[in-house]
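**Q**
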Amino acid sequence: MGETLADKNQQYWNQASHSVFKDKWVHDLQKQISEFLTSHIDWIGVQQAPNGQAQCIGVDLANTMLDKYRATAVDLGLSDSRMTAVQGDLLAPVVQPTTPALSEEELGGFDLVAICMALHHVDDVELATKRLAERLRPGGVLLIIDWATRNSSEGAEQQHHPTLSALSGNHQYRHAHHHGHGNTHGEVSPIHPAARTISHDSFTQEQIVGLFHQADCGESRFQLADRLSDVPGARTGKMQLFWARATKL
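As numbered in our numbering, residues 144 to 392 make up the sequence shown, in order.
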């Protein structure tokens, strides 16, 4: 069996994680994402844990990315029982045990499952979305944060405006930074070192809503960032974030 996209991502991010978080544009992107999440709790649709003791589990292919996650937990003063991380690929066609091993019970029944800036690295996005939704309890929320496809025929001002659509009619957090074919939209320069790790440059609202639907999730919402983000590896130097959420039916 040849090298998979997941293999390429694991190799790349085990090396790149040592330097990428030193870049200003990455810090700016993290701040932009964090500010949206903390100010849109009601939009996401999750409730505060009754006792304030929510548990967070991070899953990643790259061990060095997990080191960053664990360092964040230390900075926040959170114990392993509150915020922990495991190495694994929950999006693979055949899922292997994580390291350290967690049971299926521990990896299921979540109130919130999130995949942040990782879906564009995944080989089979339909399967990946189904895999993530399977980890939710009924009524749980699947959150996707990634790059939006920008319509080059529209003016930049129009592209900057946020859009929110409602389509179709206690919490734990997992950040799945799974790196995992598909068509690209020409957003990322092919000479960028990370280009070989990317399956989809970006996603349209219709694509994301379709992914939610085939994963048996409804009550979908999609919102564009109100400003473009600096991305040195992009052809234009700018890309646009989106946030999308749906409820497991």
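Using N, Cα and C, we set each Cβ at its ideal position, and we do this for glycine too. Note that the structure is predicted; figures quoted are calculated from it, not measured.
Given this structure, state the Cα-to-Cα distance separating Leu-204 from Gln-230, to the nearest angstrom.
**A** Computed Cα separation, rounded: 6 Å.
**Q** Per DSSP, Lys-381 forms a beta bridge with which residues?
**A** DSSP lists Asp-373 as partners of Lys-381.
**Q** Since Leu-234 contacts Ala-271 with CB under 8 Å, what's their CB separation in whole angstroms?
**A** Confirmed, about 4 Å.
**Q** What is the DSSP secondary structure of Ile-287, reduced to helix, strand or coil?
**A** Strand, per DSSP.
**Q** Check this for me: beta carbons of Leu-367 and Phe-346, under 8 Å apart or not?
**A** Not a contact, by the Cβ cut-off of 8 Å.
**Q** With DSSP collapsed to three states, give me the class of Ser-363.
**A** Strand, per DSSP.
**Q** Only counting runs of 3 or more residues, tell me where the beta strand (DSSP E) segments fall wholly within the segment 160 to 245, in order along the chain.
**A** Segments of the beta strand (DSSP E) lying fully in the segment 160 to 245: 199 to 203, 226 to 230.
**Q** Here's the rule: buried if 16 or more other CB atoms are within 10 angstroms of the residue's CB, otherwise exposed. What is Ile-288?
**A** Counting Cβ neighbours within 10 Å, Ile-288 comes out buried, since at least 16 surround it.
**Q** How would you call Asp-171, buried or exposed, if buried means at least 16 neighbouring beta carbons within 10 angstroms?
**A** So Asp-171 counts as exposed.
**Q** Look up Lys-391 in the DSSP assignment and give the residues it is bridged to.
**A** In the DSSP output, where bridge partners are listed per residue, Lys-391 has Cys-360.
**Q** In chain order, what residues of the same chain lie with their CB nearer than 6 Å to the CB of Arg-280, ignoring the 5 residues before and after it?
**A** Contacts found: Gly-252.
**Q** Flag this pair as touching only if the segment 152 to 161 and the segment 192 to 208 have three or more C-beta atom pairs under 8 Å; answer yes or no.
**A** Yes, the segment 152 to 161 touches the segment 192 to 208.
**Q** Under 8 Å by Cβ, that's how I've got Arg-370 and Arg-388 pegged, so tell me the actual separation to the nearest angstrom.
**A** Not really, about 20 Å apart at Cβ, beyond 8 Å.
**Q** Look at the alpha carbon of Thr-292 and the alpha carbon of Lys-381, and state the distance between them as a whole number of angstroms.
**A** Rounded to whole angstroms, Thr-292 to Lys-381 spans 12 Å at the Cα level.
**Q** Thinking C-alpha only, which one of Val-352, Pro-375, Arg-278, Glu-178 is nearest Glu-248?
**A** That would be Arg-278, whose Cα lies nearest to the Cα of Glu-248.
**Q** Can the beta-carbon of His-263 be found less than 8 Å from the beta-carbon of Ser-162?
**A** For His-263 and Ser-162, no; Cβs fall outside 8 Å.
**Q** Here's a check: name, in chain order, each residue in its chain whose Cβ is nearer than 6 Å to the Cβ of Arg-213, leaving out the five neighbours to either side.
**A** The residues are Ala-228.
**Q** Quick one: what does DSSP say Leu-250 is sitting in, helix, strand or coil?
**A** Three-state DSSP puts Leu-250 in coil, outside helix and strand.
**Q** Measure the Cβ-Cβ separation of Phe-179 and Leu-285 and say whether it is below 8 Å.
**A** Cβ atoms of Phe-179 and Leu-285: not closer than 8 Å.
**Q** For Lys-393, which residues from the same chain have a beta carbon less than 7 Å from its beta carbon, with the 5 sequence-adjacent residues on both sides left out?
**A** There is simply no residue 393 to check, as the chain begins at 144 and stops at 392 in what is shown.
**Q** Ala-261 to Ser-246, Cα distance in whole Å?
**A** Spanning the two alpha carbons is a distance of roughly 24 Å.
**Q** Taking the C-alpha atoms as reference points, what is the distance between Pro-375 and Thr-340?
**A** When rounded, the distance between both Cα atoms is 16 Å.
**Q** Tell me the residue span of the alpha helix (DSSP H) that contains Thr-340.
**A** Looking at the DSSP string, Thr-340 is not in any alpha helix (DSSP H), and its letter there is neither H nor E.
**Q** Along the chain, where does the alpha helix (DSSP H) that runs through Ala-261 open and close?
**A** Where Ala-261 is concerned, there is no enclosing alpha helix (DSSP H), given that its DSSP letter is neither H nor E.
**Q** Just curious, the alpha helix (DSSP H) that Glu-269 is in, first and last residue?
**A** From DSSP, the alpha helix (DSSP H) with Glu-269 extends over 268 to 277.
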